[in-house]
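Chains as they are written, first to last, in numbering that gives the first Met the number 0: chain A, 0 to 113; chain B, 0 to 113; chain C, 0 to 113; chain D, 0 to 113; chain E, 0 to 113; chain F, 0 to 113.
Reading through the structure tokens given below for one structure.
Number of protein chains: 6
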Amino acid sequence: MNKNVTEFREYREKMNKEILSADNLVIKRLFNLDMKTYQDGELSAKTKEILGLVSSMVLRCDDCIKYHLEKCYNLKVNDAELYEIFSVANVVGGSIVIPHMRRAIEYWNDLKQE
Amino acid sequence: MNKNVTEFREYREKMNKEILSADNLVIKRLFNLDMKTYQDGELSAKTKEILGLVSSMVLRCDDCIKYHLEKCYNLKVNDAELYEIFSVANVVGGSIVIPHMRRAIEYWNDLKQE
Amino acid sequence: MNKNVTEFREYREKMNKEILSADNLVIKRLFNLDMKTYQDGELSAKTKEILGLVSSMVLRCDDCIKYHLEKCYNLKVNDAELYEIFSVANVVGGSIVIPHMRRAIEYWNDLKQE
Amino acid sequence: MNKNVTEFREYREKMNKEILSADNLVIKRLFNLDMKTYQDGELSAKTKEILGLVSSMVLRCDDCIKYHLEKCYNLKVNDAELYEIFSVANVVGGSIVIPHMRRAIEYWNDLKQE
Amino acid sequence: MNKNVTEFREYREKMNKEILSADNLVIKRLFNLDMKTYQDGELSAKTKEILGLVSSMVLRCDDCIKYHLEKCYNLKVNDAELYEIFSVANVVGGSIVIPHMRRAIEYWNDLKQE
Amino acid sequence: MNKNVTEFREYREKMNKEILSADNLVIKRLFNLDMKTYQDGELSAKTKEILGLVSSMVLRCDDCIKYHLEKCYNLKVNDAELYEIFSVANVVGGSIVIPHMRRAIEYWNDLKQE
Numbered sequence: 000m001n002k003n004v005t006e007f008r009e010y011r012e013k014m015n016k017e018i019l020s021a022d023n024l025v026i027k028r029l030f031n032l033d034m035k036t037y038q039d040g041e042l043s044a045k046t047k048e049i050l051g052l053v054s055s056m057v058l059r060c061d062d063c064i065k066y067h068l069e070k071c072y073n074l075k076v077n078d079a080e081l082y083e084i085f086s087v088a089n090v091v092g093g094s095i096v097i098p099h100m101r102r103a104i105e106y107w108n109d110l111k112q113e
Numbered sequence: 000m001n002k003n004v005t006e007f008r009e010y011r012e013k014m015n016k017e018i019l020s021a022d023n024l025v026i027k028r029l030f031n032l033d034m035k036t037y038q039d040g041e042l043s044a045k046t047k048e049i050l051g052l053v054s055s056m057v058l059r060c061d062d063c064i065k066y067h068l069e070k071c072y073n074l075k076v077n078d079a080e081l082y083e084i085f086s087v088a089n090v091v092g093g094s095i096v097i098p099h100m101r102r103a104i105e106y107w108n109d110l111k112q113e
Numbered sequence: 000m001n002k003n004v005t006e007f008r009e010y011r012e013k014m015n016k017e018i019l020s021a022d023n024l025v026i027k028r029l030f031n032l033d034m035k036t037y038q039d040g041e042l043s044a045k046t047k048e049i050l051g052l053v054s055s056m057v058l059r060c061d062d063c064i065k066y067h068l069e070k071c072y073n074l075k076v077n078d079a080e081l082y083e084i085f086s087v088a089n090v091v092g093g094s095i096v097i098p099h100m101r102r103a104i105e106y107w108n109d110l111k112q113e
Numbered sequence: 000m001n002k003n004v005t006e007f008r009e010y011r012e013k014m015n016k017e018i019l020s021a022d023n024l025v026i027k028r029l030f031n032l033d034m035k036t037y038q039d040g041e042l043s044a045k046t047k048e049i050l051g052l053v054s055s056m057v058l059r060c061d062d063c064i065k066y067h068l069e070k071c072y073n074l075k076v077n078d079a080e081l082y083e084i085f086s087v088a089n090v091v092g093g094s095i096v097i098p099h100m101r102r103a104i105e106y107w108n109d110l111k112q113e
Numbered sequence: 000m001n002k003n004v005t006e007f008r009e010y011r012e013k014m015n016k017e018i019l020s021a022d023n024l025v026i027k028r029l030f031n032l033d034m035k036t037y038q039d040g041e042l043s044a045k046t047k048e049i050l051g052l053v054s055s056m057v058l059r060c061d062d063c064i065k066y067h068l069e070k071c072y073n074l075k076v077n078d079a080e081l082y083e084i085f086s087v088a089n090v091v092g093g094s095i096v097i098p099h100m101r102r103a104i105e106y107w108n109d110l111k112q113e
Numbered sequence: 000m001n002k003n004v005t006e007f008r009e010y011r012e013k014m015n016k017e018i019l020s021a022d023n024l025v026i027k028r029l030f031n032l033d034m035k036t037y038q039d040g041e042l043s044a045k046t047k048e049i050l051g052l053v054s055s056m057v058l059r060c061d062d063c064i065k066y067h068l069e070k071c072y073n074l075k076v077n078d079a080e081l082y083e084i085f086s087v088a089n090v091v092g093g094s095i096v097i098p099h100m101r102r103a104i105e106y107w108n109d110l111k112q113e
């Protein structure tokens with residue numbers, strides 16, 4: 000098991016558990032909706048995860064990128080497709096997206112090494 | 000021809016022409032790359048336009064949204080798919096995306112009335 | 000009735016109705032959650048609307064600002080309080096918030112003239 | 000003394016001291032104004048710190064969040080109130096706010112352990 | 000006198016006057032600091048206005064862009080320099096900056112027609 | 000050689016090499032354009048790097064800030080000039096820029112210690 004992937008997952012899971020245990024209705028429903036959003040529908044789960052990834056990149060949220068990278072990896076997005084998603088993110092969002100692309104590639108490699 | 004669609008296109012075209020006539024090499028190449036980004040490749044042009052649309056929504060750029068809406072419309076994105084793109088944009092980007100969704104729907108209606 | 004206030008409300012209502020009629024489950028629940036968020040709880044509805052207003056200002060969403068301004072107005076936020084909300088928004092978000100403060104004041108005046 | 004809290008405070012203090020010693024008039028006045036903004040006025044210091052916190056969350060500035068969390072903690076914001084502030088931040092700013100909420104909860108726990 | 004330039008100036012002046020008359024100390028000092036920031040110092044006023052312009056472009060604040068464009072125009076920034084500022088803004092901030100560049104060019108033309 | 004500077008450079012170089020080896024045409028051209036943007040032209044390379052720095056600060060991209068800080072350092076930007084760039088970034092972008100200024104000063108010190 001790759002250490003970076005495991006650490007990310009464990010921290011995420013631990014904190015989500017604490018957040019949900021706080022019993023704030025709005026936050027609980029938001030977490031629930033967040034998962035529902037990426038399920039198969041008119042658009043496939045794969046397309047939706049790609050949408051989640053590109054949105055996370057242009058908004059420059061590293062943890063969100065990691066989360067969607069794992070989903071994309073499991074849904075068989077390949078390397079060439081990944082770089083095309085990155086190309087859209089970089090063109091739309093500019094060179095400030097590049098550092099996030101570097102870390103995304105590093106995490107993508109981590110996912111492969113699992 | 001719908002007036003809003005025509006006006007948007009004409010203003011965009013007129014200003015792009017003036018910008019490109021200024022002969023700034025970096026800007027000319029960026030404009031060129033911008034078009035290349037959304038061509039068929041590993042991902043289809045349709046998927047890429049959907050990526051452009053969702054990115055424009057979470058970054059809240061109305062003119063970018065209009066541009067990609069027209070491309071999506073021409074590439075046969077249907078209403079149910081459009082709302083799923085919007086659902087991702089709203090979940091990722093929050094309620095500040097809603098006013099842009101309202102204007103996007105309005106423009107989508109304009110595109111249909113052409 | 001002030002014309003700007005009426006127009007804003009009517010456009011918002013008309014488009015929301017169309018959006019909700021599309022029957023996208025995620026979007027419908029988000030709209031529902033959005034309202035729930037600002038109800039009396041541990042923090043008063045007034046404090047929550049103030050939070051919604053300052054968030055909308057630093058994120059520079061004019062329509063969101065208008066919406067929360069009306070709520071704040073109905074919940075008896077006074078002028079001096081309003082300017083203190085603006086002062087936080089300007090300090091945190093910088094001078095790019097100023098144009099939104101100008102339009103917010105204009106709309107605040109419109110709300111008073113109703 | 001919790002190590003994370005101490006380290007954050009010390010780094011912040013050390014760098015602020017160096018920045019202020021550079022004697023740039025605009026920056027010195029900004030730092031001064033920044034403190035003035037959150038003092039008791041028409042709105043209480045507590046309400047203003049809550050405004051500072053929610054603004055920092057939707058703008059996704061971890062260090063700003065930590066700073067306002069400590070102020071909120073000292074001004075007796077309780078856990079249930081904190082989660083309501085988070086609920087507004089998440090609804091307005093979307094799921095990209097979630098990773099910052101996770102880190103905020105972690106730091107909130109650190110503040111309690113002091 | 001060009002109508003767009005006049006209208007922008009008059010609205011800005013009118014609202015600033017109202018804002019300052021509200022006598023909020025933080026906002027008054029921020030407005031004062033804002034002007035001080037762009038005065039000749041180690042960097043020339045011209046360089047600082049160029050910095051203000053590029054910052055306003057990547058943050059996509061049309062009114063801020065107009066304000067700095069007028070200052071740049073008065074400080075003799077020429078067309079070729081302007082396009083190089085735009086090229087930095089577009090490369091750093093991505094294609095979402097393009098619609099703001101279009102409107103900036105339009106306003107630049109308005110400033111010349113005065 | 001300062002360790003922080005060396006590590007930043009090496010990571011950046013290693014990941015850029017991997018990204019470029021993926022042979023995505025759009026990304027390769029963007030990387031190429033990115034370098035072209037900051038070359039001497041109507042505005043000097045020094046002025047352009049200052050523009051790149053201020054843009055990176057208001058957009059709050061730490062890695063972009065480090066990159067442009069090194070360029071500015073090599074092009075003989077002095078401390079007083081640096082603080083004036085920071086003053087513009089802080090006034091335009093607000094107090095959320097301050098944590099990035101702290102880290103920028105720290106890296107600037109690292110660059111001097113090489």
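Idealized CB from N, CA, C, for every residue including glycine.
Query: Distance, L110 (chain E) Cα to I26 (chain E) Cα; Result: 29 Å
Query: Straight-line gap, M0 (chain A) to D62 (chain F) (C-alpha atoms, nearest Å); Result: 29 Å
Query: Chain-ordered residues of the segment 27-38 of chain C with a beta carbon less than 7 Å from chain D; Result: L32, D33, T36
Query: Residues from the segment 71-86 of chain F in contact with chain E, defined by Cβ distance under 7 Å; Result: A79, E80, E83, I84, S86
Query: L50 (chain D) vs V4 (chain C) beta-carbon contact at 7 Å; Result: no
Query: Straight-line gap, M34 (chain C) to V76 (chain C) (C-alpha atoms, nearest Å); Result: 19 Å
Query: Neighbour-count burial assignment, N73 (chain B), 16 or more Cβ in a 10 Å radius; Result: exposed
Query: Closest Cα partner of K16 (chain C) within the set B:R101, B:T46, B:Q112, B:E113; Result: B:R101
Query: Local Cβ density within 10 Å of E12 (chain E), reported as buried at 16 or more and exposed below that; Result: exposed
Query: Short CB-CB distance (under 7 Å) between M56 (chain C) and chain B; Result: no
Query: Chain-ordered neighbours of V91 (chain B) on chain D, where CB pairs are closer than 7 Å; Result: G93, S94, I95
Query: Cβ-based burial, K2 (chain C) [other Cβ within 10 Å; buried from 16]; Result: exposed
Query: Stretch pair the segment 85-99 of chain D + the segment 29-48 of chain D: three plus CB contacts closer than 8 Å; Result: no
Query: L68 (chain D) beta carbon less than 7 Å from that of Y106 (chain D); Result: yes
Query: Cα-Cα separation, M14 (chain B) to F30 (chain B); Result: 13 Å
Query: Contacts that E113 (chain E) makes with chain C (C-beta to C-beta distance below 7 Å); Result: Those within 7 Å of E113 (chain E) in chain C number zero; the least Cβ separation is about 21 Å.
Query: Partner residues on chain C for V25 (chain A), Cβ-Cβ distance less than 8 Å; Result: L32, K35, T36
Query: DSSP-derived helix/strand/coil call for K47 (chain D); Result: helix
Query: Any non-hydrogen atom of the ligand ZN within 6 Å of S94 (chain E) CB; Result: As for the ligand ZN, it is missing from this structure, which has no ligand bound.
Query: Residue-level contact to chain D via CB, M14 (chain A), 7 Å cutoff; Result: yes
Query: Y37 (chain D), DSSP secondary structure in three states; Result: coil
Query: Of the listed residues D:S20, D:L24, D:R8, D:G93, nearest to E83 (chain F) (C-alpha basis); Result: D:L24
Query: Three-state secondary structure assigned by DSSP to C63 (chain B); Result: helix
Query: Under 7 Å from the C-beta of D62 (chain F): neighbouring residues of chain A; Result: P98
Query: Opening and closing residue of the alpha helix (DSSP H) in which L121 (chain F) lies; Result: Since the first and last residues shown for chain F are 0 and 113, residue 121 (chain F) lies out of range.
Query: Rounded straight-line distance, which links the Cα of E48 (chain A) to that of L81 (chain C); Result: 41 Å
Query: Straight-line Cα distance separating G92 (chain E) from C60 (chain B); Result: 12 Å
Query: Neighbouring residues, chain G, relative to K47 (chain F) (Cβ below 8 Å); Result: Looking for chain G here will not work: the only protein chains present are A, B, C, D, E and F.
Query: Span of the alpha helix (DSSP H), counted from its first residue to its last, around V4 (chain A); Result: 2-20
Query: Contact list for E105 (chain C) against chain E, beta-carbon separation under 8 Å; Result: M14
Query: Alpha helix (DSSP H) segment containing Q112 (chain D), residue limits; Result: No alpha helix (DSSP H) contains Q112 (chain D), which DSSP labels as neither H nor E.
Query: Residue of A:Y10, A:V57, A:A21 minimising C-alpha distance to D78 (chain D); Result: A:A21
Query: L122 (chain E) burial status per 10 Å Cβ neighbour count (16 or more: buried); Result: Residue 122 (chain E) is absent from the model: chain E starts at 0 and stops at 113.
Query: Under 7 Å between C-beta atoms of V57 (chain C) and S94 (chain D); Result: no
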